[in-house]
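Read top to bottom, the protein sequences are chains Y and B. Each residue of the first sequence is one higher than the one before, starting from 1 at the first, in the numbering used here. Each residue of the second sequence is one higher than the one before, starting from 120 at the first, in the numbering used here. Ideal Cβ placement from N, Cα and C applies to all residues, glycine included. The model shown is predicted, which means the values in this text are computed figures rather than measured ones.
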Amino acid sequence: MKMDIGIYIGFLLEFVGIIGTVLRRNLVMKLLSLGISDIGVVLIFVAVGYIPGARAPIIEQNMDKYVDPLPQALVITSIVIGFATLSLSLVFVMYLANKFHTVDSTKLEKRVKDAKNSL
Amino acid sequence: MQKILFDFTLIPIISAVVLGTLRLLLHLRGRFLSIFECLLSVLWICILSCLYFIHGDIRFVVGGWSLRQGVAVFVNMNSMWFIWAFTIVWISVKLRSDFKHIDRTYEAILDFLYSAVYAVYIFGDLFNLYVSVELASILSFLLVGYGEKPIRVWAALKYMMMSVVAFNLYLSGISLIYEATGSLNISYISNSGISLPPIAISLILTGILVKSGIFFLSAWLPDAHAEATTPVSMILSGGIVNLGIFALLRILPFIQQQYPQIIDIVAITGMLSVLLGGIYAAFESRPKRLLAYSTFSQMGISVFLVAVAPVAVGLYAFFHSLTKALLFSTVKGKGKSSKVFMYIGIFSLIGLPPFLGFVAKKSLFLFNPILGIVISLLTAIYIFTLPKFVKGKLDSKYRLQLSEFILFLCILLPTFFLRWPGWTYLVEGFIIAIIGYFIAKFIKPLPFPTSIFEIEIGISYQILFAMFVVLALTM
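What follows is the structure, given as structure tokens:
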């Protein structure tokens with residue numbers, strides 16, 4: 001493995017994020033946990049492309065050793081997708097919070113279903 | 120010349136994006152443009168089909184990059200079945216008469232969705248599979264939440280959270296694969312023979328199965344499919360759940376080479392979904408929710424077939440997409456024609472001739488006749504309870520729906536071009552349908568627990584399943 005520590009920390013962050021999503025009832029906290037999980041994945045990708053002693057993959061004169069540029073290109077795409085998903089989720093949470101005055105997922109589940117049945 | 124012809128496979132992606140963008144920028148809308156888009160998509164897919172039948176499998180790397188690092192395109196017979204299935208369902212949604220009440224943003228989202236789903240079916244590397252499935256998912260979240268009813272927004276949010284976790288797992292899995300092999304191209308990884316870490320396989324499998332509509336793992340499905348508007352339910356059940364099945368079909372062969380036990384895991388997961396989805400559907404009284412549970416059951420069959428008979432999956436997914444789209448379209452229909460088409464969908468789902476289900480379900484019977492009978496009987500029982508709960512007065516002014524007629528034709532006509540399964544199978548099918556009909560008459564709805572479909576529990580299943588797969592692969 002090229003950079004074990006980075007990969008381990010990445011997995012740890014991802015796991016912490018997912019556990020946060022499961023344990024926290026507050027939707028905003030859930031989204032923050034998902035953000036942490038996203039960061040973990042990004043760190044894993046960066047660590048996978050890392051080569052000890054190598055420089056950033058920007059071609060210059062007399063440059064013979066640079067890190068693998070492909071994971072970095074991939075990770076930019078995944079960051080953009082993560083950003084799009086989280087911002088869309090926040091819009092949905094804002095809509096629900098305005099409507100039902102809570103961001104607690106258990107209360108929301110109940111109130112949303114009550115609102116549907118009362119129609 | 121061949122390169123130019125191959126580059127043609129990318130044109131449907133570009134044309135759908137251009138038309139969707141034009142709709143948004145120029146404020147274009149109207150039935151004429153929808154019909155034009157439908158004709159154009161049929162034309163592109165017909166040309167692609169001709170190219171496939173003349174040349175066979177289409178493989179190339181976009182931009183002439185190396186196979187190891189470029190964006191690979193791979194179109195095979197399975198891709199063709201899935202592309203046709205989605206195109207027909209997409210056209211039938213575009214041509215629905217209630218579509219004229221819908222704004223242009225929604226129509227543009229549908230155009231972009233076509234482009235993203237088509238991309239899933241043609242790309243042959245793990246990262247572009249991720250990008251296309253995520254794009255299709257983001258557009259699906261928007262479609263589910265369309266109409267701004269709180270229940271829809273809540274369903275979309277649940278779908279989104281579970282989906283994000285699943286695809287983070289998938290992404291970390293493919294990063295480990297890249298570390299091991301130095302490539303994300305599926306053909307390259309299959310041929311390299313480099314051993315893949317079991318944790319990577321487990322994470323990828325979990326991510327894909329969450330998208331496949333499997334009981335427990337896809338806890339987002341009942342709310343999203345049942346609460347969305349009818350055209351969106353058609354697209355979700357008839358097209359979006361197929362993405363996971365297709366991804367599974369792409370990756371399973373190379374996993375199987377190194378971990379043969381993965382086949383048992385996938386087959387058992389599929390079978391569990393067939394049974395639990397079927398039981399939930401049989402005791403459900405809300406028609407759209409019944410069909411959502413039925414999707415669990417039918418996707419379970421698809422996942423099971425991916426493990427035991429991969430050749431049959433394309434036809435099965437094609438049949439299920441069209442039949443489920445027809446059923447979703449007709450449960451809220453107010454015309455006599457809708458009721459007729461609903462029964463046609465029911466007969467097709469059970470597997471009665473002359474509809475496509477009759478041919479598609481044959482592979483199940485060939486694998487194990489007793490299993491085939493049990494699954495078909497379960498399907499017959501729950502789907503015959505559907506007409507009992509479809510309410511609403513018939514409207515004599517309600518005209519024949521063009522979208523339903525197209526789906527009906529596509530369920531009926533291909534049967535005559537496929538091989539006849541045999542008279543024994545025909546008799547078995549009728550006996551199963553009659554027994555299922557009488558059992559369904561005596562079934563009363565039961566309130567099964569729905570708390571298993573909550574966000575926290577759905578994500579917990581994903582973690583548990585990933586851990587279980589790692590254990591099973593390392594032991």
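Nearest-angstrom Cα distance between residue i and residue j?
{"i": "residue 555(B)", "j": "residue 561(B)", "result": "10 Å"}
{"i": "residue 70(B)", "j": "residue 264(B)", "result": "Nothing in the structure corresponds to residue 70(B), since chain B is present only between 120 and 594."}
{"i": "residue 16(Y)", "j": "residue 33(Y)", "result": "8 Å"}
{"i": "residue 318(B)", "j": "residue 294(B)", "result": "11 Å"}
{"i": "residue 126(B)", "j": "residue 527(B)", "result": "33 Å"}
{"i": "residue 575(B)", "j": "residue 260(B)", "result": "19 Å"}
{"i": "residue 142(B)", "j": "residue 153(B)", "result": "10 Å"}
{"i": "residue 453(B)", "j": "residue 347(B)", "result": "19 Å"}
{"i": "residue 589(B)", "j": "residue 96(Y)", "result": "38 Å"}
{"i": "residue 315(B)", "j": "residue 300(B)", "result": "8 Å"}
{"i": "residue 498(B)", "j": "residue 68(Y)", "result": "51 Å"}
{"i": "residue 280(B)", "j": "residue 344(B)", "result": "16 Å"}
{"i": "residue 140(B)", "j": "residue 223(B)", "result": "10 Å"}
{"i": "residue 296(B)", "j": "residue 183(B)", "result": "23 Å"}
{"i": "residue 274(B)", "j": "residue 451(B)", "result": "20 Å"}
{"i": "residue 270(B)", "j": "residue 94(Y)", "result": "14 Å"}
{"i": "residue 81(Y)", "j": "residue 258(B)", "result": "12 Å"}
{"i": "residue 24(Y)", "j": "residue 84(Y)", "result": "22 Å"}
{"i": "residue 542(B)", "j": "residue 552(B)", "result": "15 Å"}
{"i": "residue 1(Y)", "j": "residue 470(B)", "result": "Residue confidence for residue 1(Y) is low, a pLDDT of 49 falling below 50, so the modelled location carries little weight and cannot support an answer."}
If you check the beta carbons only, do residue i and residue j fall under 8 Å apart?
{"i": "residue 215(B)", "j": "residue 457(B)", "result": "no"}
{"i": "residue 282(B)", "j": "residue 321(B)", "result": "no"}
{"i": "residue 91(Y)", "j": "residue 28(Y)", "result": "no"}
{"i": "residue 373(B)", "j": "residue 421(B)", "result": "no"}
{"i": "residue 380(B)", "j": "residue 592(B)", "result": "yes"}
{"i": "residue 492(B)", "j": "residue 547(B)", "result": "yes"}
{"i": "residue 161(B)", "j": "residue 205(B)", "result": "no"}
{"i": "residue 298(B)", "j": "residue 75(Y)", "result": "no"}
{"i": "residue 358(B)", "j": "residue 209(B)", "result": "yes"}
{"i": "residue 18(Y)", "j": "residue 459(B)", "result": "no"}
{"i": "residue 382(B)", "j": "residue 426(B)", "result": "yes"}
{"i": "residue 191(B)", "j": "residue 242(B)", "result": "yes"}
{"i": "residue 132(B)", "j": "residue 238(B)", "result": "yes"}
{"i": "residue 194(B)", "j": "residue 166(B)", "result": "no"}
{"i": "residue 38(Y)", "j": "residue 287(B)", "result": "yes"}
{"i": "residue 262(B)", "j": "residue 351(B)", "result": "yes"}
{"i": "residue 136(B)", "j": "residue 234(B)", "result": "yes"}
Looking only at its own chain, which residues have a Cβ that is under 7 Å from the Cβ of residue i, when we skip the five neighbours before and after it?
{"i": "residue 43(Y)", "result": "6, 9, 10 and 13"}
{"i": "residue 401(B)", "result": "500, 501, 504 and 562"}
{"i": "residue 398(B)", "result": "none"}
{"i": "residue 442(B)", "result": "464, 467, 468, 476 and 530"}
{"i": "residue 567(B)", "result": "399 and 402"}
{"i": "residue 200(B)", "result": "433, 434, 436 and 437"}
{"i": "residue 340(B)", "result": "332, 411, 414 and 415"}
Could you pull out every residue in the same chain whose Cβ sits closer than 6 Å to the Cβ of residue i, ignoring the five residues on either side in sequence?
{"i": "residue 525(B)", "result": "211"}
{"i": "residue 134(B)", "result": "none"}
{"i": "residue 323(B)", "result": "289 and 292"}
{"i": "residue 395(B)", "result": "334"}
{"i": "residue 89(Y)", "result": "31"}
{"i": "residue 461(B)", "result": "449"}
DSSP three-state call for residue i: helix, strand or coil?
{"i": "residue 329(B)", "result": "helix"}
{"i": "residue 408(B)", "result": "helix"}
{"i": "residue 58(Y)", "result": "coil"}
{"i": "residue 402(B)", "result": "coil"}
{"i": "residue 509(B)", "result": "coil"}
{"i": "residue 238(B)", "result": "helix"}
{"i": "residue 64(Y)", "result": "coil"}
{"i": "residue 176(B)", "result": "coil"}
{"i": "residue 193(B)", "result": "strand"}
{"i": "residue 222(B)", "result": "coil"}
{"i": "residue 487(B)", "result": "coil"}
{"i": "residue 1(Y)", "result": "Interpretation of residue 1(Y) is limited by its pLDDT of 49, a score under 50 that renders its predicted location unreliable; no figure is taken from the coordinates."}
{"i": "residue 368(B)", "result": "helix"}
{"i": "residue 284(B)", "result": "helix"}
{"i": "residue 181(B)", "result": "strand"}
Counting only Cβ pairs nearer than 7 Å, list the residues of chain A close to residue i.
{"i": "residue 38(Y)", "result": "The chain inventory of the structure shown lacks chain A, comprising the protein chains Y and B."}
CB-CB under 8 Å to residue i, same chain, minus the five flanking residues each way: which ones, in chain order?
{"i": "residue 100(Y)", "result": "107, 108, 111, 112 and 115"}
{"i": "residue 72(Y)", "result": "45, 46, 49 and 57"}
> When the Cβ atoms of the region 478 to 486 of chain B are set against those of the region 246 to 253 of chain B, are three or more pairs found closer than 8 Å?
Replying inline: No, they do not touch.
>> If contact is defined by three or more beta carbon pairs under 8 Å, each pair taking one atom from either stretch, is the region 400 to 415 of chain B in contact with the region 438 to 448 of chain B?
In response: The region 438 to 448 of chain B, when compared against the region 400 to 415 of chain B, does touch it at the 8 Å Cβ threshold.
> Is the region 354 to 369 of chain B touching the region 322 to 333 of chain B in the sense that three or more CB pairs, one from each, lie closer than 8 Å?
Replying inline: Yes: the two stretches touch, three or more of their Cβ pairs being nearer than 8 Å.
> Do the region 384 to 392 of chain B and the region 331 to 342 of chain B meet, that is, are 3 or more Cβ pairs less than 8 Å apart?
Replying inline: Counting Cβ pairs under 8 Å, three or more are found: they touch.
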